[in-house]
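Participant: One structure, pasted below without further comment.
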Amino acid sequence: MYKEGFLMAWASLVANKMRSLLTMLGIIIGVAAVIALVSIGYGVRSQIQDSISSLGSNLLMVYPGAPRTPGVRPTADSQKTLKLEDYTTISHLQDIDMASPVSAGSSYVVIYTNKNWTTSVNGVNSDFQYINNWTVKSGRFITASQVERRERVAVIGATVATNLFGTEDPVGKDIRIKNNPYKVIGVLESKGSGSFGNDQDDVIYIPYTTGMERLQGVDYLRMIYIKAKDGVDLDRLQTDVENILRVRHNIKNPELDDFNVRNMATIMATVEETTATMTLFLGAVAAISLVVGGIGIMNIMLVSVTERTREIGVRKALGATYRVIVMQFLIEAVVISLVGGAIGILVGIGASKLIGALTSMKTVISMGPILLSFGFSMAIGLVFGLYPARKAAKLNPIDALHYE
Amino acid sequence: MKQAVISLEGITKTYVNGKLVVPVLHGIDLNIYEGEFTSIMGPSGSGKSTFMNILGCLDRPTSGSYKLDGEEVATLSDDELAFVRNKRIGFVFQSFNLLPKLTAQDNVALPMVYAGVPKKERKERAAYLLDSLGLGERLDHLPAELSGGQRQRVAIARALANDPSIIMADEPTGNLDSKSSVDVMNIFTNLYNEGRTIILVTHEPDIATFASRNIVLRDGYIVEDKQNPNMAGLQSVQAPTESVAVSAATEQKAVKSVISKTVTEKVNTEQTNKGGTSHV
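If you're matching them up, the sequences are chains A and B in order. Per the numbering used here, the very first residue in the first sequence carries number 49; after that it's consecutive. Per the numbering used here, the very first residue in the second sequence carries number 1042; after that it's consecutive.
This is the structure in structure tokens:
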């Protein structure tokens, strides 16, 4: 019965090609829009995830914080509470894979011959390259002995290299920071823009010892990067680090912490939540057009019922029951919506591939929204087909037979 | 004694349209027996169509009893009536009412779809019925590709699909030219010869003469009910002198050769007794 119903419905679709196509158009556009927009949403999410994990996803970042004492609280940046000894102590923790202190800071004018460029100069150790997932394009990264000897060497980011050297090879050249010469020993591979639109390549790394003692002349750090060992619970490690710092800084009440520990996993979760909301929003907008498509189906099915009143009368006279007629029209509506849904999926996949290829936006096609919108379009066929189907089945056979 | 296939007692039908009450049938008592070929005539407004609808179980009487094959059908539900129409009544309409998008074979198979007959069996029986009515070459034709007479033959084949107790024909020749009309009426005559019960609604006295019993309806009453010993169809078969009758007889041969396969021997004997041309 069902198989024949589907065959009959298919025959009726093929017989009215243009009308069937126009009816399906609503569903096609709806499904395609859902798939394309959700794939853009997923694309944005994966882009952000990529850039976060390019920093390393199992990272803890320790920043100096304003002491929570009464009175005017200076900005967190200008704090001097994070000392090198804090880093040394923390780096001995079992769960830590690598750690690097970061000294110095933003906005140094860097000069090479007659060109200058203002950028952030960061003092780091030799592990920093791996903690922040940097690849060296040419030359090499800072070595442990260079750190120990407080050498004036620098590794520069791609943006800095372009702006100061143009097409010239920077490795081996001297740049001047605060009137002191620094030898460029390496150029970093470009990472592109970060999660928040910042240029990750606009950066210079020098040994942290050099940064603290020779560039700045201070005994405090700007921050500490900590990379946990694989499989370590980042939240627990964060608590451990906080406890060590409290002991070292002699803080009893956690509310008075003079430092901040940020957890990359938490940041990631927040970002994911944000993009999920955005994706949901895009999907919801597209789903509205699916509903509109469903109303289109109902409209055409109602026309079709009127048009086929006589046919319905004949079928009833020949013994079709209420249920048989309902099923016939319902199956027809579902077939329209399913075929429309299938075409919509193809169009949607095509559209998101096209968007991915022609624009800088990244699109990620996933099974979830495809199955969902297919199921949704079938449900729409059922819901919006029910009223016309019932209307058809309720027709009085005599009236239907004499309908002209 | 033949059994009453249809037994009506005090059938009335009253239409209520707002405050307007229109009585159409005023208590009709009628028995129609197995194997009868009954014509129902009457001027328009006589209640003919309403009566036909009730007989065909398309509508229910306002009051009275309608026994079909001894079973009360006046009080059945819609779906039960659909079942009765499907199994026990074969309809032939004036405007054929074939489904335009189905082939002749599929049209004939349609009542069997609703009866739940398996597909293979349906196809075979539909092909067989069409073949028996001389349309064996046209199984895959759409109604639009057939002439009026051929369409009506498809409709008759469809009416026979579920081997019903009665065949109801509502002005079956109304849309046909006179030659096709005679063809169609000869088919009915053959079905009568087979022993089928036929009810024919018409307003043409010529057509009514093909029936074995003539009923005339006027203003919701039966005003005339008489046997017709001189059935037109039988006469034309017995004396095939006119050209129309000759072609009808040829047609009839095809019909009969098939019909004799379907029906019991008893009917066959009866047929011969009635003097129909013997099939080759």
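The beta-carbon is built from N, C-alpha and C at its ideal position, and this holds for glycine as well.
Hey, residue 1184/B and residue 1139/B are a contact pair by Cβ (cut 8 Å); roughly how many whole angstroms apart?
Facilitator: Confirmed, Cβ separation roughly 4 Å.
Participant: Between residue 1123/B and chain A, is there a C-beta pair that is closer than 9 Å?
Facilitator: yes
Participant: CA-CA distance, residue 1302/B and residue 1170/B?
Facilitator: Confidence is the limiting factor: at residue 1302/B the pLDDT is only 43, short of 50, which leaves the residue's position unreliable and the question unanswerable from this model.
Participant: Less than 9 Å between the beta carbons of residue 99/A and residue 239/A, yes or no?
Facilitator: yes
Participant: For residue 135/A, count neighbouring C-beta atoms within 10 Å of its own C-beta (all shown protein chains included) and say buried if the count is 16 or more, exposed if not.
Facilitator: buried
Participant: Any C-beta of chain A sitting closer than 9 Å to the C-beta of residue 1111/B?
Facilitator: Output row for residue 1111/B: interface = no.
Participant: Report the CB separation of residue 1051/B from residue 1068/B in whole angstroms; it is logged as a contact under 8 Å.
Facilitator: 5 Å
Participant: Taking Cβ positions, are residue 1117/B and residue 1098/B nearer each other than 9 Å?
Facilitator: yes
Participant: If contacts are defined as beta-carbon pairs under 8 Å, then residue 1225/B and residue 1213/B qualify, I think. What distance do you get, rounded to the angstrom?
Facilitator: 6 Å
Participant: Just how far apart, CA to CA, sit residue 346/A and residue 65/A?
Facilitator: Here the alpha carbon of residue 346/A sits roughly 17 Å from the alpha carbon of residue 65/A.
Participant: Who are the near neighbours of residue 337/A in its chain, counting only those whose CB is closer than 6 Å to its CB and skipping five residues on each side?
Facilitator: 77, 78 and 81
Participant: So that I know if they touch, is there some Cβ in chain A lying closer than 9 Å to that of residue 1119/B?
Facilitator: yes
Participant: I'd like to know if the region 427–444 of chain A and the region 340–360 of chain A are in contact, where contact means that at least 3 CB-CB pairs between them fall below 8 Å.
Facilitator: yes
Participant: With a Cβ-Cβ cutoff of 9 Å, do residue 171/A and residue 327/A count as a contact?
Facilitator: Taking 9 Å as the Cβ cut-off, residue 171/A and residue 327/A do not qualify as a contacting pair.
Participant: Spatial neighbours of residue 217/A within its chain, please: C-beta separation below 6 Å, excluding the five flanking residues on both sides.
Facilitator: none
Participant: Does residue 1215/B have its Cβ less than 9 Å from a Cβ in chain A?
Facilitator: no
Participant: Does any CB atom of chain A fall closer than 9 Å to the CB of residue 1058/B?
Facilitator: no
Participant: Tell me the rounded alpha-carbon separation between residue 1221/B and residue 1188/B.
Facilitator: 9 Å
Participant: Identify the residues that DSSP records as bridge partners of residue 187/A: which are they?
Facilitator: 234/A
Participant: Distance, Cα to Cα, residue 310/A vs residue 200/A?
Facilitator: 31 Å
Participant: Check whether the Cβ atoms of residue 235/A and residue 186/A sit closer than 9 Å, and answer yes or no.
Facilitator: yes
Participant: Which bits of chain A does residue 1127/B rub up against, with CB to CB less than 7 Å?
Facilitator: 366 and 367
Participant: Check whether the Cβ of residue 1156/B lies closer than 9 Å to any Cβ atom in chain A.
Facilitator: yes
Participant: Which one of 366/A, 260/A, 85/A and 183/A has the shortest CA to CA distance from residue 332/A?
Facilitator: 85/A
Participant: Just to confirm, is the Cβ distance from residue 302/A to residue 290/A under 9 Å?
Facilitator: yes
Participant: Which of the three DSSP states, helix, strand or coil, is assigned to residue 297/A?
Facilitator: helix
Participant: If you count every other CB in all the chains shown that lies within 10 Å of the CB of residue 1265/B, and 16 or more means buried, which is it?
Facilitator: exposed
Participant: When the Cα of residue 267/A is compared with those of 109/A, 61/A, 257/A and 51/A, which residue comes out closest?
Facilitator: 257/A
Participant: Could you give the uninterrupted runs of the alpha helix (DSSP H) lying entirely in the region 352–390 of chain A, keeping only those of 4 residues or more?
Facilitator: 357–365
Participant: Taking residue 1123/B as the reference, give the member of 366/A, 420/A, 376/A and 93/A with the closest Cα.
Facilitator: 366/A
Participant: Ordered along the chain, which non-local residues of its own chain (more than five positions away) have a Cβ less than 7 Å from that of residue 344/A?
Facilitator: 71 and 74
Participant: Could you give the distance in angstroms between the alpha-carbon of residue 54/A and the alpha-carbon of residue 275/A?
Facilitator: 60 Å
Participant: Can you tell me whether DSSP reads residue 1061/B as helix, strand or coil?
Facilitator: Three-state result, residue 1061/B: strand.
Participant: Along chain A, in chain order, which residues have C-beta atoms closer than 8 Å to that of residue 1132/B?
Facilitator: 365 and 366
Participant: Would you give the residue range spanned by the beta strand (DSSP E) that residue 255/A belongs to?
Facilitator: 251–255
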